[in-house]
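2 protein chains.
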Amino acid sequence: MQAEIITIGDEILIGQIIDTNSAFISKELNKIGISVYQITSIQDDKKHILKALAEAEENADIIILTGGLGPTKDDITKHTLANYFNDELVMNENILKHIKNIFARMNFPFTDSDVQQAMLPKKSTVLENKIGTAAGMWFDKNGKVFISLPGVPAEMKGLMQDKVSPKLQNSYHLPYIVHKTVQTYGMNESNVAKRIENWEKELPDFIKLAFLPSYAKLRLRLSAKGDNKEFLEQSIDIEIEKLQQIIGDIIVGLQENEVIEVIINKKMTLNNLTLSTAESCTGGNIAKLITSIPGASNFFKGSIVAYSAKIKEDLLGISIKTIQKYSVVSEQVVKEMALNCKKLFKTDYAIATTGNAGPTTDKTDKTVGVVFIAIATPDDVIIKEFNFGQPREKVILRSSSSALEMLKKEIDKNNKNSL
Amino acid sequence: MQAEIITIGDEILIGQIIDTNSAFISKELNKIGISVYQITSIQDDKKHILKALAEAEENADIIILTGGLGPTKDDITKHTLANYFNDELVMNENILKHIKNIFARMNFPFTDSDVQQAMLPKKSTVLENKIGTAAGMWFDKNGKVFISLPGVPAEMKGLMQDKVSPKLQNSYHLPYIVHKTVQTYGMNESNVAKRIENWEKELPDFIKLAFLPSYAKLRLRLSAKGDNKEFLEQSIDIEIEKLQQIIGDIIVGLQENEVIEVIINKKMTLNNLTLSTAESCTGGNIAKLITSIPGASNFFKGSIVAYSAKIKEDLLGISIKTIQKYSVVSEQVVKEMALNCKKLFKTDYAIATTGNAGPTTDKTDKTVGVVFIAIATPDDVIIKEFNFGQPREKVILRSSSSALEMLKKEIDKNNKNSL
Chain A
5 MQAEIITIGD EILIGQIIDT NSAFISKELN KIGISVYQIT SIQDDKKHIL
55 KALAEAEENA DIIILTGGLG PTKDDITKHT LANYFNDELV MNENILKHIK
105 NIFARMNFPF TDSDVQQAML PKKSTVLENK IGTAAGMWFD KNGKVFISLP
155 GVPAEMKGLM QDKVSPKLQN SYHLPYIVHK TVQTYGMNES NVAKRIENWE
205 KELPDFIKLA FLPSYAKLRL RLSAKGDNKE FLEQSIDIEI EKLQQIIGDI
255 IVGLQENEVI EVIINKKMTL NNLTLSTAES CTGGNIAKLI TSIPGASNFF
305 KGSIVAYSAK IKEDLLGISI KTIQKYSVVS EQVVKEMALN CKKLFKTDYA
355 IATTGNAGPT TDKTDKTVGV VFIAIATPDD VIIKEFNFGQ PREKVILRSS
405 SSALEMLKKE IDKNNKNSL
Chain B
5 MQAEIITIGD EILIGQIIDT NSAFISKELN KIGISVYQIT SIQDDKKHIL
55 KALAEAEENA DIIILTGGLG PTKDDITKHT LANYFNDELV MNENILKHIK
105 NIFARMNFPF TDSDVQQAML PKKSTVLENK IGTAAGMWFD KNGKVFISLP
155 GVPAEMKGLM QDKVSPKLQN SYHLPYIVHK TVQTYGMNES NVAKRIENWE
205 KELPDFIKLA FLPSYAKLRL RLSAKGDNKE FLEQSIDIEI EKLQQIIGDI
255 IVGLQENEVI EVIINKKMTL NNLTLSTAES CTGGNIAKLI TSIPGASNFF
305 KGSIVAYSAK IKEDLLGISI KTIQKYSVVS EQVVKEMALN CKKLFKTDYA
355 IATTGNAGPT TDKTDKTVGV VFIAIATPDD VIIKEFNFGQ PREKVILRSS
405 SSALEMLKKE IDKNNKNSL
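Sequence order for the protein chains is A and B. Reading the first sequence from the start, the letters are residues 5 to 423 in our numbering. Reading the second sequence from the start, the letters are residues 5 to 423 in our numbering.
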C-alpha cells in the first residue's frame, strides 16, 4: 500500500514556514504499515492542485492532502476537490453546530464565511475536527482513497490520530513496517561503513539499511516490511545483536526513533533521580529539550542560564578569580558551574555548558565553536572539551545533544535500572 | 523563472526527519526573484529520482536537488545524475585534496569510499563544499539548470549562499519578489477577513494576499513580483498603510518575515537595554529563542528556569505563603517572579511565566493550558492570564511568543528608538 502526501500553501513554497505536517503524517502511516511514496508541496492554485491530484492517483493508493481549508478566499482546496470528483457542496448541520459551539466558547462573532465552513462535498465522508472549524474529508474513488485535512498542525494531528489512522486500518489489510535505529557517536560515515561492510553484505534481502548522518551523530536505520511483525522484529534484533559485536564501542543507543530527551526522561524517572542545568552557550536549550517531554517536572528541578561572567559569579558562585585566571570558557569554570548547580538545586545530577557559539568571539579568548561540558554526578564530575566549528545553530544543537549523551552514559554507569 | 526543489531520502518519507532544507532554499530563491513551483520529496531510488528529474524538467527552469551525496551505498544521487545526463564520473583532484584536508583536520582515517567522493560527473561544474566532503554539482541542459547539493543542512546552506545564489543571479535577468507580512493578534481569521473585505477587493492585481493562521497569531502576507523593486515596495507599503487604518488595533508587527526574537534583539540593542527571564511552564524556551540569535549576549543576562515550587522559593525568593495562598500558577506568583528576576539579574526588563503545560495537571489546582505571564519594566509590571488549551507543545510555543510580544509592546511604549 503506497501513499502520497500533498501539502498545499504558498507559505511553504516561499519558505515562510517549514512543513512539519508531512513528517508527522509519514510517521503515522508507517506505524500502520503504509509506505509513503512521495511528498509534494504545491501552491494554492486550482490547476496545480488538480494536476497533483491526477499524478498522485497514478502513483499511490492513498492520497492525503493538508492545507487550504480555512474560511478565506485563498483557501480553495475544498472547491477544487468538489471539482475533481464532480461533486457539489452541501450544508452539514452537525458541523455547523460544532462550529457555532467553538465560536461561542471563544467569544468570537460568527460571520458568513464561517457558515461556509460547514458546506462540504456531498460524496465525502466528513471527519469532524474536534479543536477547529475546518472539517476533514474522506473520498473513495475506484479503490483509492483521498483524504483532505486542515493545515494547522494541532488540528491535522488530532484528525490523523483519531479518525484517519483507525479508518485506514479498518479499510485495508495492512502489512507491518518495522524500523529500528542504532545511534552511533564519534566516528564518521565512511569509517563506520567500512567497519560494517561485511555485515551489510550479508543482510537478508528484506532488511534495508540506511545511514543518517546529522550534526551530533550517525544513525543506522534498519527497516523491514512484511506480514509477520514478530518475525520482522526478531530478524532486525538479530542483526543489531551482530552490530553490537562489531561496533559496540561507538553505539550509544538502540531506541527506535526515540530522541535523547525522551530516553533521559525515562531513565531519570525509573531510577528516581533529579536533574538541573547551568547553561551558558546553550542558552536554555537543554532545559527546553528536557521540559518539552511530558512528566519532566518529576525529575527536572530547573536551570540557571548564565549569559554573562557577572551572572556566573552572582548566581552560580563562580569565583571571579577562576574566570580571570582560566577564562570563562574553560574546564575549571564548567566544573564549578556543574558542582555549584547541583548544590543550588539539590539534585543528583547537573549539566553545565560554557563555550562560544559565535559568530563573533565576544569577550573570550577562545576560538568560536569551542565548548566545555561538565556532568556532575552523585559523587564525581566528568568534563569534556569539544570543537563544534560553526555555524551558531550547530554549536548550540551539538552542545545540547552531546551533554545529554554524556549524562545518559553516567546514569547508565551508576544505576542498575535500565530500559 | 520557476524552480522545483527535489529532496531525496527515505528518512523524510518515513517521517524520521523534518525536511527543513526546502524552506531554506525557497527563501533564498525568493530573495533573488525566483519562485518555487513545487517541492517534491522522494525515496533513495534510482527509478524514482529519474522520474522526478524528468517531471521537474517539464515544469521548471531551475531544479535543485538535495541529499544522497554521502559516501555510503544508499547514496545514489550522483550516479543517477550521471545516468540522466549520459555522463561519466571522473576524478577531481582539487576536491580530493580538499577531502584529504578535512580528514586530516578531524583525525579520521581516510577510506576508499572517501576517495569516491572526489569522483564527479564530467559535464558538471563542481561547487566546492567548504565544510564537508560532498561537493555540489551544477548541470546546464537546454537552457535549464540542475543543481545537486548535500542533504546536511549546514553544508547545503553554505553552498546555497556562497555558490548557488550568486551563480544564478549571474546567469539570469531576474525580477524582484517582494513579500511583506503584517502580524495581527487576538482575532480569528474569518473576522479579520470580514473587516478587511473591501480593502482586499480593491487590491491591485499584482499584489497577492495570503492569510497565515498559526498558534500564536494570524499573519497577512502581501506579495508582488516585477522589475521595479521600489515600485513594488511602495505599492505594498501603501496597502499596509490602508490596513493600519482599518485594523490598526490588532496589528502587532510589520516586519517582513522577521521573527519576534530578532525584533527583540534589535530593539534591546538599539535602546541599550538588558533582559532576564524566570521561566516555569516555558522551561527555558524563551531563553533558548533569545539566545538563538547572534548578539544576544549584548543584552540578555540569563534565566532561571524554576521547575518546582521549592526552586521558585529558593532561587527566585517567592514566599511559600504566596504560593500556598494563591497557587503556583497565579497572578501573584508570576508578578513576584518577574520582579525578583529583574532584581537578581540587575536588568531593565524581566519576563516571567508560570502555568500548566499538561498533559496532566501536576500538583496545581489550575486547568491545563492556563498560563500567567508577567513583564517587569523599569518602573512597572504587566500581567496577563491566558488559556492556551492543549497540547503541551502549543502551550509552550504560545506562551513563549505571547511573552515576547508583550515585551515588545512595553519596549515600544518606553523607548523612543524604534526600528
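In this text, a Cβ means the ideal position worked out from N, Cα and C, and glycines have one as well.
8 Å contact criterion, which residue i and residue j should meet: CB distance rounded
i, j, result
"K292 of chain B", "K316 of chain A", "So it is not a contact: roughly 18 Å between Cβ atoms."
"A342 of chain B", "A361 of chain B", "Between A361 of chain B and A342 of chain B the Cβ distance is about 19 Å, and since that is not below 8 Å, they are no contact."
"L163 of chain A", "I36 of chain A", "With 8 Å as the limit, L163 of chain A and I36 of chain A do not qualify as a contact, their Cβ atoms being about 15 Å apart."
"N146 of chain A", "G140 of chain A", "No, N146 of chain A and G140 of chain A are not in contact; Cβ-Cβ is about 21 Å, not under 8 Å."
"I308 of chain A", "G306 of chain B", "7 Å"
"Q173 of chain B", "E32 of chain B", "Q173 of chain B to E32 of chain B, Cβ: 11 Å. No contact."
"Y41 of chain A", "N63 of chain A", "6 Å"
"S117 of chain A", "S194 of chain B", "5 Å"
"I324 of chain A", "V337 of chain A", "In fact, because the Cβ distance is near 11 Å, the residues do not count as touching under 8 Å."
Backbone secondary structure at residue i - three-state DSSP
i, result
"H52 of chain B", "helix"
"N98 of chain A", "helix"
"Q121 of chain B", "coil"
"Y189 of chain A", "coil"
"D253 of chain B", "helix"
"E206 of chain A", "coil"
"L277 of chain B", "coil"
"T358 of chain B", "strand"
"A86 of chain B", "helix"
"S405 of chain B", "helix"
"V374 of chain B", "strand"
"T70 of chain A", "strand"
"L258 of chain B", "coil"
Endpoints, the beta strand (DSSP E) within which residue i is located
i, result
"P382 of chain B", "First-last for P382 of chain B: undefined, no H or E at that position."
"S45 of chain A", "S39 to I46"
"A7 of chain A", "Q6 to I12"
"T129 of chain A", "T129 to L131"
First through last residue of the alpha helix (DSSP H) which encompasses residue i
i, result
"I135 of chain A", "No alpha helix (DSSP H) contains I135 of chain A, which DSSP labels as neither H nor E."
"K325 of chain A", "I324 to Y330"
"G162 of chain A", "P157 to L163"
"K316 of chain B", "A313 to L320"
"K77 of chain B", "Careful: K77 of chain B lies outside any alpha helix (DSSP H) and carries neither H nor E."
"I290 of chain B", "N289 to T295"
"S175 of chain A", "S169 to S175"
"A342 of chain A", "E335 to F349"
Status (buried if at least 16 other CB within 10 Å, exposed otherwise) for residue i
i, result
"H183 of chain A", "buried"
"N289 of chain B", "buried"
"I242 of chain B", "exposed"
"K205 of chain A", "exposed"
"R109 of chain B", "exposed"
"I294 of chain B", "buried"
"E234 of chain B", "exposed"
"G287 of chain A", "buried"
"T364 of chain B", "exposed"
"Q20 of chain B", "buried"
"V94 of chain A", "exposed"
"D23 of chain B", "buried"
Counterpart residues of residue i in DSSP-defined beta bridges
i, result
"Y180 of chain B", "B:G230"
"K148 of chain A", "A:K145"
"I211 of chain B", "B:A228"
"E61 of chain A", "E61 of chain A is not bridged to any residue."
"L216 of chain A", "A:R223"
"E389 of chain A", "A:F376"
"A27 of chain A", "None; A27 of chain A has no bridge partner."
"K308 of chain B", "The question names Lys, but residue 308 of chain B is Ile in the sequence shown. In DSSP, I308 of chain B forms a bridge with A:I308 and B:A282."
"L93 of chain B", "B:P125"
"L153 of chain B", "B:T70"
Residue i: CB within 8 Å of a non-hydrogen atom of the ligand COA
i, result
"N418 of chain A", "For the ligand COA, the structure offers nothing, since it holds no ligand at all."
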